[in-house]
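Comments concern the structure below.
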Amino acid sequence: MKRILICTKIVVIAALALLLSCDDNNSTIEEQVTKVTYPIGGDVFIREGILTIEWTDDVSSHVRIKLYKGNTRILSITESTENTGKYTWLIPDSLENGNDYRIKIFSNTDDFIFYQSNEFKILGKAGVSVYVDPRDNQSYKIVKIGNQWWFAENFNYKTSSGSWVYDNNESNSNDWGRLYDLQTAVSACPNGWQLPSDEDWKTLELFIGLKTTDINRDGPRGRYEGILLMENGGLDFNIKFGGFFNYFNASFFNSWVEANFWSSTKYYSYSAWSRKFNYGYGTITRTRVNLENGLSVRYCKYEF
1 MKRILICTKI
11 VVIAALALLL
21 SCDDNNSTIE
31 EQVTKVTYPI
41 GGDVFIREGI
51 LTIEWTDDVS
61 SHVRIKLYKG
71 NTRILSITES
81 TENTGKYTWL
91 IPDSLENGND
101 YRIKIFSNTD
111 DFIFYQSNEF
121 KILGKAGVSV
131 YVDPRDNQSY
141 KIVKIGNQWW
151 FAENFNYKTS
161 SGSWVYDNNE
171 SNSNDWGRLY
181 DLQTAVSACP
191 NGWQLPSDED
201 WKTLELFIGL
211 KTTDINRDGP
221 RGRYEGILLM
231 ENGGLDFNIK
241 FGGFFNYFNA
251 SFFNSWVEAN
261 FWSSTKYYSY
271 SAWSRKFNYG
281 YGTITRTRVN
291 LENGLSVRYC
301 KYEF
């Protein structure tokens, strides 16, 4: 009798284990039916820009896509679109700035099948104006990003020393501006402007979505934030890849592929923090550069 009882218990336990295993597998399958693959979270998008939403869905013929801010549904992006795994959306200018937006996709086949993205950021387009340097009457496009105004073109004021044009070809200054050593970048600054400090750069970087956990690191940081500052990135900062000048061997390097900008913050007596952007990459590199090298310059200021 005891043997029969023990065998019965084993059979029951095995059956329960099998049932639970099946439930777990079914749950896993259901969880993977619909998944937002883009935005992935932490992304930054500009109002009146294009956001291509991407997802995977194994069962639905059509889906609904909605936009949430926090836990509040803001709008319906579409009430029904064919399940192609991709939907192109023009972000309306009426949305407010925020870093807690989410995309939620529902299956039109089953209301209980849905998935949502992680939170991402939506910003307004930059304010644009023009600054004219009274010393040589050169005009520069300037943009307001957050509470900062930035030169949207590389500085191009000709100094008696401490600045160079790439390959010593004056025509290169038309697009890339001039390359300055740090002392000259500070002394040539127009009235009312400042060479951005390391903290000024961080303020810009945080505003466009760089994570606080990355902000103080050396080297490449982020994934795509730098793209927002490039041409057609949506913020009109329009990075120009003017390379740099190595003072010690009197050579120019990496035009078209690298943009290097000074900060005013020294690291040691012979070096200072800078920012480097590489063509085709979205990272923003925080690095140290010898004070005598020549880098591009973008001045900044806070509210007028």
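Going by this note's numbering, the sequence shown opens with residue 1, and the numbers climb by one from there. Glycine included, every Cβ here is placed at the ideal spot set by N, Cα and C. Predicted model only: the values in this text are computed from it and were never measured.
Straight-line gap, residue i to residue j (C-alpha atoms, nearest Å)
i           : j           : result
residue 123 : residue 44  : 7 Å
residue 54  : residue 144 : 31 Å
residue 249 : residue 293 : 10 Å
residue 74  : residue 108 : 20 Å
residue 63  : residue 57  : 9 Å
residue 289 : residue 199 : 17 Å
residue 263 : residue 137 : 25 Å
residue 305 : residue 286 : Lying before the first or after the last residue shown, residue 305 is absent from the chain, which here runs from 1 to 304.
residue 197 : residue 246 : 22 Å
residue 241 : residue 85  : 35 Å
residue 130 : residue 150 : 11 Å
residue 89  : residue 142 : 29 Å
residue 173 : residue 93  : 36 Å
residue 147 : residue 106 : 38 Å
residue 140 : residue 121 : 29 Å
residue 265 : residue 128 : 27 Å
residue 116 : residue 160 : 58 Å
residue 188 : residue 222 : 31 Å
residue 215 : residue 297 : 21 Å
residue 243 : residue 41  : 32 Å
residue 184 : residue 133 : 16 Å
residue 278 : residue 110 : 45 Å
residue 171 : residue 164 : 12 Å
residue 230 : residue 254 : 17 Å
residue 234 : residue 220 : 21 Å
Secondary structure of residue i, DSSP reduced to three states
i           : result
residue 259 : strand
residue 205 : helix
residue 166 : helix
residue 111 : coil
residue 227 : helix
residue 303 : coil
residue 236 : coil
residue 171 : helix
residue 186 : helix
residue 176 : helix
residue 4   : With a pLDDT of only 43 at residue 4, under 50, the local geometry of the prediction cannot be trusted, and the value read off the model is given with reservation. Residue 4: helix per DSSP, three-state reduction.
residue 242 : strand
residue 48  : coil
residue 199 : helix
residue 141 : strand
residue 127 : strand
residue 298 : coil
Sheet register partners of residue i (DSSP bridge)
i           : result
residue 36  : 55
residue 71  : Beta-bridge pairing links residue 71 to no other residue.
residue 286 : 219 and 275
residue 78  : 65
Expected contact under 8 Å - CB spacing of residue i and residue j to nearest Å
i           : j           : result
residue 284 : residue 210 : 7 Å
residue 300 : residue 193 : 7 Å
residue 36  : residue 113 : Their Cβ separation, rounded to whole angstroms, is 13 Å, which puts residue 36 and residue 113 out of contact at 8 Å.
residue 232 : residue 152 : Incorrect: roughly 13 Å between the Cβ atoms, too far for contact.
residue 252 : residue 167 : 5 Å
residue 119 : residue 91  : Incorrect: roughly 15 Å between the Cβ atoms, too far for contact.
residue 291 : residue 260 : Residue 291 to residue 260, Cβ: 13 Å. No contact.
Is it true that the stretch 57-74 meets the stretch 98-108, where meeting means three or more beta-carbon pairs spaced less than 8 Å apart?
yes
State whether the stretch 177-187 contacts the stretch 150-164, with contact taken as three or more CB pairs (one from each stretch) at a distance under 8 Å.
yes
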